[in-house]
Each structure stands twice: as C-alpha cells, then as structure tokens.
Amino acid sequence: MTTTTVAPGPPRATEERALAPDLARGAMLLAIALAHAPLYVTDVRRGPEALNTITDLFCFLFVNNHARPMFAFLFGYALVQLLGRSGADEVGGRRLLRRRGRWLVALGLAHVVLLVPLDILAVYGLASVVLAGLPRRGDRALLWTAGLTLVPATAVAGAGLWFPMSQGLPTYTAGSVAVAGEGFWALLADRLTAWPFGLVAGGLVVVPAIVLGMWAARRRYLEEPARHRRLLLRAAVATTAVSVAGSLPAALVQTGMWAEPSPAALSAAALVQPLTGYAGGIGLAALVALVAIRAQRRRSRLTTMVEALGRRSMTMYLFQSVAFVAVFSPYGLGLQDHLGLAGAALVAAMTWLVSLRLADLMRRVGHRGPAEILLRRLAYRS
Numbered sequence: 316m317t318t319t320t321v322a323p324g325p326p327r328a329t330e331e332r333a334l335a336p337d338l339a340r341g342a343m344l345l346a347i348a349l350a351h352a353p354l355y356v357t358d359v360r361r362g363p364e365a366l367n368t369i370t371d372l373f374c375f376l377f378v379n380n381h382a383r384p385m386f387a388f389l390f391g392y393a394l395v396q397l398l399g400r401s402g403a404d405e406v407g408g409r410r411l412l413r414r415r416g417r418w419l420v421a422l423g424l425a426h427v428v429l430l431v432p433l434d435i436l437a438v439y440g441l442a443s444v445v446l447a448g449l450p451r452r453g454d455r456a457l458l459w460t461a462g463l464t465l466v467p468a469t470a471v472a473g474a475g476l477w478f479p480m481s482q483g484l485p486t487y488t489a490g491s492v493a494v495a496g497e498g499f500w501a502l503l504a505d506r507l508t509a510w511p512f513g514l515v516a517g518g519l520v521v522v523p524a525i526v527l528g529m530w531a532a533r534r535r536y537l538e539e540p541a542r543h544r545r546l547l548l549r550a551a552v553a554t555t556a557v558s559v560a561g562s563l564p565a566a567l568v569q570t571g572m573w574a575e576p577s578p579a580a581l582s583a584a585a586l587v588q589p590l591t592g593y594a595g596g597i598g599l600a601a602l603v604a605l606v607a608i609r610a611q612r613r614r615s616r617l618t619t620m621v622e623a624l625g626r627r628s629m630t631m632y633l634f635q636s637v638a639f640v641a642v643f644s645p646y647g648l649g650l651q652d653h654l655g656l657a658g659a660a661l662v663a664a665m666t667w668l669v670s671l672r673l674a675d676l677m678r679r680v681g682h683r684g685p686a687e688i689l690l691r692r693l694a695y696r697s
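Residue numbers (our numbering): 316 to 697.
This is the structure in structure tokens:
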C-alpha cells in the first residue's frame, strides 16, 4: 500500500472571507505604524513637551503592548485558515507552511537590505517554519507550547525594555533606526550583522501569541463573532484591563513620572509590560471582532476600506517602510532631525490613511496587492 500526499492548492480568489480577521489586520497596521514611526527620528523629545508626554503615555499603554502580540495572534490564526482553505493533508500542510515561511524570511531579508533594519516578515517566516507541525496537533500541545515559551519570550522582551530604562533613555532611542552619517555600505553591514540576532530573538518573542492564535482559529472566534459575542466581550474587557495595568509602571518610568525606581521595581516593570502585552494583543483582536458584528450588518465605506487594507496587509506594511524612509531619512524629506514623538505619530497616522486609500483603489480594480501576489506564486509554485 502506498501513501499519497495531498498537495496544497491556492485558495480561490472568489472564496468568501470572514470580515473580522481582515478588519483586525487593517487596524493592526495603524498600531504598527504608531509603534515604528518614532524609531525613525533622532530625538523623540523634540517638540512640545506636554504633547510628547501624552503621546508617549498613550503609545506605551495602548500601542506598544498591543501591536506585536496582535500581529502574532492574527498570524497564527491565519495559518490555520490557510491550511483549511488549501485542502492539504498533514504532510502537504507542513510543506506549504515551511515553504511559505522560507520565502517570508527571504522577503524579509530583502526588506532589510533595500530599506530598513526594521523588519517583521522574516520573524514570522521563521516562526512559520519552526511551528509548521503545530496547527494539526491537539489543543493540549498548543497550550503547553504557548505556556512553556511564554517565560523565555517574556524574559527576552523584558531585557530589551529594561536596558534603555535603566540607562534613563527612551525606549525609542534604544531601538532607533534613524540614519546617521555612515555611508550606504556601512549601514548595510550594520544591518546584516544585527539581523540574525534580531531574527532569533524576535521569533522567540512572537511564539506564544502565534500559538494562541492557532488555538483560537480552531474555535472560529473571528469568523463567527456573533456566536461568541459574550465570550469576546468578556475577553476584550479583561485582557485590555490586564494589559493597561501591566504597562502602567513601565509607562510611568518611560515618561519620567516615576523617577528613580528601585532596581527591583524597574526589573519588575520591564517584565510585566511584555507579559501582559500578550493579553493586550488578544484583547484588541476580540474588540475588533465585536465591532465586526455591527459592521457586517451595516457596511459603511470605512468598513470596506479597512477590510481592503487588511487583505493587503503585507503590501501596506512594506508601503509604511517606503513612506517612512521618504519622510524621515536624509535621502528623502529629512525630517528625522525636525520631528519628535508627537510629530512622528502624526506621520504614522497620515501614512495609515494614505495606505487605506491605496488599498481601496486596489480593491476597486480587483488587484490583490503586489506582495500578496508574489508570496502566493512563490508558495504554491510546483
């Protein structure tokens, strides 16, 4: 007897898609823009102090602990959806996820070489390769994986937060990608040297949320939000409260409202923030799912535009990098030395609005998005 492996096929372009996951991805891009734009300026303290402080506090409580875990949660959710639409068996599904993940790593490396060292495509590609066998495992395996990786993931993220705060530096300064006086080749060498370390550390940090996204996808929480309305409401309220409370101590240190905390208090604040951030990302996804219940009944122009943006999230994520380089770098408008945190947040919001419009134009002409088309062709290539 011979065993036949069912090769995965690409999902049909006309296949009906649930609204909530795409709305969540569209909203997620705004959070990512707000998290990344301040990293392009040389001094986040430049500009009105009160406005910068308000922006800093808002971003720390509602953006920095929501953007990455929400992205990871939705990525894990999408992996299960992808396998379901592909029709692949267990072996074919693993091959599909690993092939797709390897291409994401390659595209992420190209993103780093051509644009900025700030990349998340390769991180999720690596996670897809490593976790390719998990979507078909039992719930116990998923929950154990999420729980066991939560400890080292929190430690890595907490160390990245603790170091700048212990030095009295804004976290944005520590992660800055603002272009200094180096030439192109020196910048490229720095990027390629740091890339493998960021890839491994970033891959570890996103694993718990990715696995929880897989677990949630099996229950179709985002595809059928009306059916799970009560649970989603409780989850949104509880996880958001936990996330904000967990981020508050670090936010007070970051903004200078809590001056000179003890070493033990500083370490605790740096660890609690990323730990509760996983809850924040899940809570934001649950909140968008609740919004999708009403939006599905009364579709507005904004709903259609955000959905179109979510369907082209990879293309529009790359568009953000292009826009930020054009606005902030010396090779573009050179505003990196003229804007502070509040100004960078304004640029982030405007970039998201432009991407919203571009995605809607692509929807009207029936264009999937160049990055989505490229990855689709590479992943399903014979």
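Think of the CB as a built atom: it goes at the ideal place given N, C-alpha and C, for glycine as much as any other residue.
Selection from the options that minimises the alpha carbon distance to residue i
i       : options                            : result
Val-621 : Leu-676, Ala-584, His-653          : Leu-676
Leu-567 : Arg-360, Thr-368, Ala-342          : Thr-368
Phe-388 : Gly-528, Thr-630, Thr-555, Gly-561 : Gly-528
Val-637 : Val-445, Ala-489, Ala-348          : Ala-348
Ala-565 : Ala-553, Thr-554, Ala-551, Leu-581 : Leu-581
Thr-666 : Arg-692, Gln-635, Gly-399, Thr-570 : Gln-635
Val-553 : Gly-598, Pro-540, Asp-337          : Looking at the sequence shown, residue 553 is not Val but Ala. It is Gly-598.
Arg-452 : Thr-488, Leu-398, Gln-482, Pro-485 : Leu-398
Val-420 : Arg-679, Gly-684, Gly-517          : Gly-517
Leu-366 : Ala-489, Leu-436, Leu-661          : Leu-661
Val-494 : Trp-510, Ala-342, Leu-463, Pro-645 : Pro-645
Thr-618 : Ser-481, Ala-604, Leu-514, Met-629 : Ala-604
Val-438 : Gln-396, Leu-690, Phe-390          : Phe-390
Leu-519 : Arg-613, Ala-583, Val-444          : Val-444
Glu-538 : Leu-424, Ala-560, Ile-608, Val-669 : Ile-608
Gly-341 : Arg-691, Ala-600, Arg-696          : Ala-600
Ala-541 : Arg-383, Ile-688, Leu-602          : Leu-602
Span separating the alpha-carbon of residue i from that of residue j
i       : j       : result
Ala-579 : His-381 : 25 Å
Ala-594 : Ser-558 : 6 Å
Ala-339 : Ala-686 : 19 Å
Thr-317 : Glu-405 : The predicted model places Thr-317 with a pLDDT of 40, which falls under 50 and marks its position as unreliable; any figure quoted below should be read in that light. So the alpha carbons of these two residues sit roughly 16 Å apart.
Leu-345 : Ser-401 : 29 Å
His-351 : Leu-334 : 26 Å
Pro-576 : Ser-562 : 15 Å
Ala-328 : Leu-547 : Below a pLDDT of 50, predicted positions are generally treated as unreliable, and Ala-328, at 46, falls in that range; no measurement from the model is reported.
Arg-534 : Leu-433 : 33 Å
Pro-363 : Arg-506 : 32 Å
Asp-709 : Val-359 : Absent from the structure is residue 709, since the part of the chain shown begins at 316 and ends at 697.
Ala-623 : Arg-414 : 26 Å
Val-680 : Gly-473 : 45 Å
Arg-616 : Arg-683 : 19 Å
Ala-489 : Met-480 : 9 Å
Arg-678 : Ala-393 : 20 Å
Leu-446 : Gln-396 : 15 Å
Leu-424 : Trp-510 : 8 Å
Gly-731 : Met-343 : This structure cannot speak to residue 731, because the chain is shown only from 316 to 697.
Leu-673 : Ala-583 : 43 Å
Gly-440 : Phe-478 : 27 Å
Thr-370 : Thr-508 : 32 Å
Arg-626 : Arg-614 : 17 Å
Leu-514 : Met-631 : 21 Å
Leu-429 : Pro-485 : 27 Å
His-543 : Tyr-536 : 6 Å
Cβ neighbour criterion (16 or more within 10 Å) applied to residue i
i       : result
Met-572 : exposed
Arg-545 : exposed
Met-385 : buried
Gln-651 : buried
Trp-459 : exposed
Pro-336 : buried
Phe-302 : What the structure shows of the chain is the stretch from 316 to 697, and residue 302 is not part of that stretch, so it cannot be assessed.
Ile-435 : buried
Ser-628 : buried
Trp-500 : exposed
Phe-639 : buried
Gly-416 : buried
Gly-658 : buried
Gly-483 : exposed
Leu-690 : buried
Phe-377 : buried
Contacting residues, own chain, Cβ-Cβ under 8 Å from residue i (five flanking each side not counted)
i       : result
Ala-470 : Leu-586
Val-492 : Leu-354, Tyr-355, Val-431, Pro-432, Leu-433
Tyr-487 : Pro-353, Leu-354, Val-356, Val-359, Leu-656
CB-CB length for residue i against residue j, believed under 8 Å
i       : j       : result
His-426 : Leu-633 : 7 Å
Gly-735 : Ala-641 : No answer is possible for residue 735: it lies beyond the span of the chain, which begins at 316 and ends at 697.
Spatial neighbours of residue i in its chain, beta-carbon cut-off 7 Å, leaving aside the 5 residues before and after
i       : result
Leu-457 : Leu-449, Val-526, Met-529, Trp-530
Pro-523 : Ala-461, Thr-464, Leu-465, Ala-468, Tyr-593
Ala-442 : Gly-518, Val-521, Val-522, Ile-525
Leu-372 : Ala-566, Thr-570
Ala-663 : Ala-348, Leu-349, Ala-352
Close beta carbons around residue i, own chain, < 6 Å, minus the five adjacent residues each side
i       : result
Thr-555 : Gly-598
Phe-643 : Tyr-355, Leu-650, Gln-651
Leu-693 : Trp-418
Leu-422 : Leu-436
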